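Engineer: Let me begin by handing over the structure; questions about it come next.
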Amino acid sequence: MYICKRILISLGAVALGWLLPLCATADTYTEEEKPQISEIINEHTADSYWWHITTINGHHISVYLPVIVHSEDNGWQVFSSKHLAHGRTYKGFRIDGEGKYKGKIIYHNAAGEACRPWDISITKNALALMINSAIMLALFLSVARWYRRRPENAVPGKFVCAIEMFVMNIYDEVIRKNIGDRHQRYAPYLLTAFFFILINNVMGIIPIFPGGANTTGNIAVTCILALCTLVAVNLFGNREYWKEIFWPDVPVWLKVPIPIIPVIELFGIFTKPFALMVRLLANIFAGHTVILSLTFMIFVTVEMGVAMNVGMTAFSVILSIIMNCLELLVAYIQAYVFTMLSAVFIGLSQPSHHPKKVKA
Amino acid sequence: MLTPDFGLLFWMTFSFLIVLGLLAKFGFPVITGMVNKRRDHISQSLEAAEEAARKLENVKEESLAILDEARRQQAAIIKKAMADGEQLLLNAQQKAVEETEKQLALARQRIELQKEKALGEINAQVAMLSVDIAEKVLHRQLDDKSKEEAFILQMLDETERIM
Chain A
4 MYICKRILIS LGAVALGWLL PLCATADTYT EEEKPQISEI INEHTADSYW
54 WHITTINGHH ISVYLPVIVH SEDNGWQVFS SKHLAHGRTY KGFRIDGEGK
104 YKGKIIYHNA AGEACRPWDI SITKNALALM INSAIMLALF LSVARWYRRR
154 PENAVPGKFV CAIEMFVMNI YDEVIRKNIG DRHQRYAPYL LTAFFFILIN
204 NVMGIIPIFP GGANTTGNIA VTCILALCTL VAVNLFGNRE YWKEIFWPDV
254 PVWLKVPIPI IPVIELFGIF TKPFALMVRL LANIFAGHTV ILSLTFMIFV
304 TVEMGVAMNV GMTAFSVILS IIMNCLELLV AYIQAYVFTM LSAVFIGLSQ
354 PSHHPKKVKA
Chain B
2 MLTPDFGLLF WMTFSFLIVL GLLAKFGFPV ITGMVNKRRD HISQSLEAAE
52 EAARKLENVK EESLAILDEA RRQQAAIIKK AMADGEQLLL NAQQKAVEET
102 EKQLALARQR IELQKEKALG EINAQVAMLS VDIAEKVLHR QLDDKSKEEA
152 FILQMLDETE RIM
């Protein structure tokens, strides 16, 4: 009965989607304002100085965010990004429309060249990161507080149980299995990384305001995460780990006089986190791009006639539903893969003296 | 797109380190620690329950064994009692027989004794009679030998008649 109801609601949503292009066809675009799909997709997936929520009757509704910049001429400047909207210049700063610094704040130095100031503006992604961090802190600190206030054999409720299930699944299946005896030291980092990525991924799928920012599809974010794994792997690597890198167990001519294998191993230290960084970035970025493209299919097909438009709209909505489900899956899988590979790399940096004893 | 932006790097480091610091100190260790503690508690309780069940099983077995033992002893006691009774009966019978025999022997002995006594008495009487006869013979003082002889014979006849 419940499922029937669900299906009806879904069909209703699809039908509603069908009607939308009929409204859209009312005002077809002229040749100049024809939406540049790739531009818009890039704009949506890239970072921005304000958080565009929607446009109603040509009126943009955006959350303008603080710009924090430092240039040699002006020193530190803090102001709202509202002053820079629509290509305006404020205190010598403006957002570059094209070229090397496209979409970034620039200023012109004495020689008249465009320069990037030190820019630590709270951009859309930065704000999204903060919101997601706050959500994460609220979730886990409240659960931790629940535990701290109860005796050890208290029975948790639904919410605490659900969080506990996620945490313990990662803790037991990923962290403890891959690291072994000394997992206690790495568990907090790996759990934080997992849930940080998961929450950011899921929030990225939600299309309206506090969500929708492409945080984990931004290289700066994945770069920091990968750097943390790099540090975690190498900071506490034991003697055997370094021995395997600089004096591995291979024929001597591979190590002396030209240290082929050591060089490869040394590169490996950096390629592993690099792969983590690119994998997460590419997966999430691609997901966002595909969903946006599917949505834009509705607007691209407007000029192909009503019948075509209606057909493609139905197609687009159905595909978008499927893609969103897939992205939800990808959100979990990518967080899982990042954490698992980090755990594996950390496990490899702790070769045991008794290799048989490690696996439980 | 592939050049990390400095500002975002900064804010990402900032947010992530704060989250990591707070959760590493107050978040995840508490959760995992508590769950592990509870897991230990549950496994201990299960072990205790199993132990109790095992003990109960032992108690059952023990009680059964005790019951069995009691039954066996009962049977043994009854058997022994019956055997004892039989033995007692046998002994009593034997004793009775022995007693009878003893009594019989005693009676026989007494009879013998009586008989001997009677014989003795007879003998004494005979002797007395002899003496009487002798006395009478002596009293008569017969000179006639033939008469004497006839007298003795007469006496003897008399004696025989008495006997």
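One line per chain: the protein sequences are A and B, in this order. Mind the numbering: the first sequence is residues 4 to 363 in our numbering, read in order. Mind the numbering: the second sequence is residues 2 to 164 in our numbering, read in order. Every residue gets a Cβ at the ideal spot worked out from N, C-alpha and C, and that includes glycine. All figures in this text were calculated on a predicted structure; none of them were measured in a lab.
Flag this pair as yes or no: are the beta carbons of I182(A) and F197(A) separated by less than 8 Å?
Structural biologist: Going by C-beta atoms, I182(A) is not nearer than 8 Å to F197(A).
Engineer: With burial defined as no fewer than 16 other Cβ atoms inside 10 Å of the residue's Cβ, what is the status of W54(A): buried or exposed?
Structural biologist: Burial call: buried.
Engineer: Do I178(A) and L201(A) have their C-beta atoms within less than 8 Å of each other?
Structural biologist: Against a cut-off of 8 Å, the Cβ pair of L201(A) and I178(A) comes out as no contact.
Engineer: What residues from chain A crowd round A25(B), counting only those whose CB sits closer than 8 Å?
Structural biologist: P191, Y192, T195, listed in chain order.
Engineer: Could you compute how far the alpha carbon of A216(A) sits from the alpha carbon of L295(A)?
Structural biologist: Roughly 13 Å separates the two Cα atoms.
Engineer: Which residues does DSSP list as the beta-bridge partners of W121(A)?
Structural biologist: W121(A) is bridged to H73(A).
Engineer: Comparing C-alpha positions only, which one of K94(A), P159(A), H89(A) sits nearest to H63(A)?
Structural biologist: Cα-wise, what sits closest to H63(A) is H89(A).
Engineer: State the DSSP-derived secondary structure class of G78(A), mapped to helix, strand or coil.
Structural biologist: It is a strand residue.
Engineer: Would you call I43(B) buried or exposed, if buried means 16 or more other Cβ atoms sit within 10 Å of its Cβ?
Structural biologist: Counting Cβ neighbours within 10 Å, I43(B) comes out exposed, since fewer than 16 surround it.
Engineer: For a cutoff of 8 Å on Cβ pairs, would you count A27(A) as touching chain B?
Structural biologist: With a pLDDT of only 44 at A27(A), under the threshold of 50, the placement of this residue in the model should not be trusted; the figure read from the coordinates follows. Not one chain B Cβ lies under 8 Å of A27(A).
Engineer: Going by the DSSP bridge assignment, what does W53(A) pair with across the sheet?
Structural biologist: Bridge partners of W53(A): Y67(A).
Engineer: Mind pulling the alpha helix (DSSP H) runs of 4 or more residues that sit fully within the stretch 104 to 160 of chain B?
Structural biologist: List check, alpha helix (DSSP H) in window: nothing returned.
Engineer: If I'm right that L284(A) touches I208(A) with Cβ under 8 Å, what's the distance once you round it to whole angstroms?
Structural biologist: Going by Cβ atoms, the distance from L284(A) to I208(A) rounds to 16 Å, so no, they are not a contact pair.
Engineer: If you draw a straight line from the alpha carbon of V60(B) to that of D69(B), how long is it in whole angstroms?
Structural biologist: Spanning the two alpha carbons is a distance of roughly 14 Å.
Engineer: When you compare the CB of M139(A) with every CB in chain B, is at least one pair closer than 8 Å?
Structural biologist: Yes, because at least one Cβ of chain B sits closer than 8 Å to the Cβ of M139(A).
Engineer: Rounded to a whole number of angstroms, what is the C-alpha to C-alpha distance between N124(B) and A97(B)?
Structural biologist: Answer to the nearest angstrom: the Cα atoms are 39 Å apart.
Engineer: Are there three or more Cβ pairs, one per stretch, closer than 8 Å when the stretch 235 to 255 of chain A is compared with the stretch 5 to 24 of chain B?
Structural biologist: Too few Cβ pairs lie closer than 8 Å, so no.
Engineer: V132(B): which of K116(B), L157(B), T33(B), L24(B) sits nearest, CA to CA?
Structural biologist: The shortest C-alpha separation from V132(B) is found at L157(B).
Engineer: Please report the Cβ distance between I56(A) and F212(A), rounded to the nearest whole angstrom; I am assuming they are in contact, meaning their Cβ atoms lie under 8 Å.
Structural biologist: That belief holds up - the Cβ atoms of I56(A) and F212(A) are roughly 5 Å apart, short of 8 Å.
Engineer: Just how far apart, CA to CA, sit S64(B) and F169(A)?
Structural biologist: Rounded to whole angstroms, S64(B) to F169(A) spans 50 Å at the Cα level.
Engineer: Would you kindly work out how many angstroms separate the C-alpha atoms of S84(A) and V36(B), rounded to a whole number?
Structural biologist: When rounded, the distance between both Cα atoms is 47 Å.
Engineer: Could you give the first and the last residue of the continuous beta strand (DSSP E) run that contains I264(A)?
Structural biologist: From DSSP, I264(A) is part of no beta strand (DSSP E) but of the alpha helix (DSSP H) over 263 to 303.
Engineer: With a threshold of 8 Å between beta-carbons, can S16(B) be considered close to chain A, or not?
Structural biologist: For S16(B), the answer is yes, since a Cβ of chain A falls inside 8 Å of its Cβ.
Engineer: Buried or exposed for M280(A), going by 16 or more other Cβ atoms inside 10 Å?
Structural biologist: When all chains shown are included, M280(A) counts as buried.
Engineer: Helix, strand or coil for I208(A) per DSSP?
Structural biologist: Looking at I208(A) - three-state DSSP - the assignment turns out to be helix.
Engineer: Contact criterion: CB-CB distance below 8 Å. Does L68(B) meet it with respect to chain A?
Structural biologist: No, no contact with chain A.
Engineer: Can you look up T126(A) in the DSSP assignment and give me helix, strand or coil?
Structural biologist: Coil, per DSSP.
Engineer: Looking at the unbroken beta strand (DSSP E) that takes in R97(A), where does it start and where does it end?
Structural biologist: Residues 96 to 98.
Engineer: So, under 8 Å CB-CB, V3(A) and W149(A) are touching, yes? Tell me the CB distance rounded to an integer number of Å.
Structural biologist: No answer is possible for residue 3(A): it lies beyond the span of chain A, which begins at 4 and ends at 363.
Engineer: Against chain A, with Cβ distances strictly below 8 Å, would K38(B) count as a contact?
Structural biologist: Chain A, which has a Cβ nearer than 8 Å to the Cβ of K38(B), makes this yes.
Engineer: DSSP three-state label for K339(A), please.
Structural biologist: Note that residue 339(A) corresponds to Tyr in the displayed sequence, not to Lys. It is helical.
Engineer: List, in order along the chain, the chain A residues whose C-beta lies closer than 8 Å to that of L10(B)?
Structural biologist: In chain order: A223, C226, I227.
Engineer: Is the Cβ of L65(B) closer than 8 Å to any Cβ of chain A?
Structural biologist: No, L65(B) lies away from the interface with chain A (no Cβ there is under 8 Å from its Cβ).
Engineer: Would you call the stretch 70 to 82 of chain A and the stretch 104 to 124 of chain A touching, i.e. three or more CB-CB distances under 8 Å?
Structural biologist: With a cut-off of 8 Å, the stretch 104 to 124 of chain A and the stretch 70 to 82 of chain A count as touching, because enough Cβ pairs lie within range.
Engineer: DSSP three-state call for Y104(A): helix, strand or coil?
Structural biologist: In this structure, Y104(A) counts as coil in the three-state DSSP scheme.
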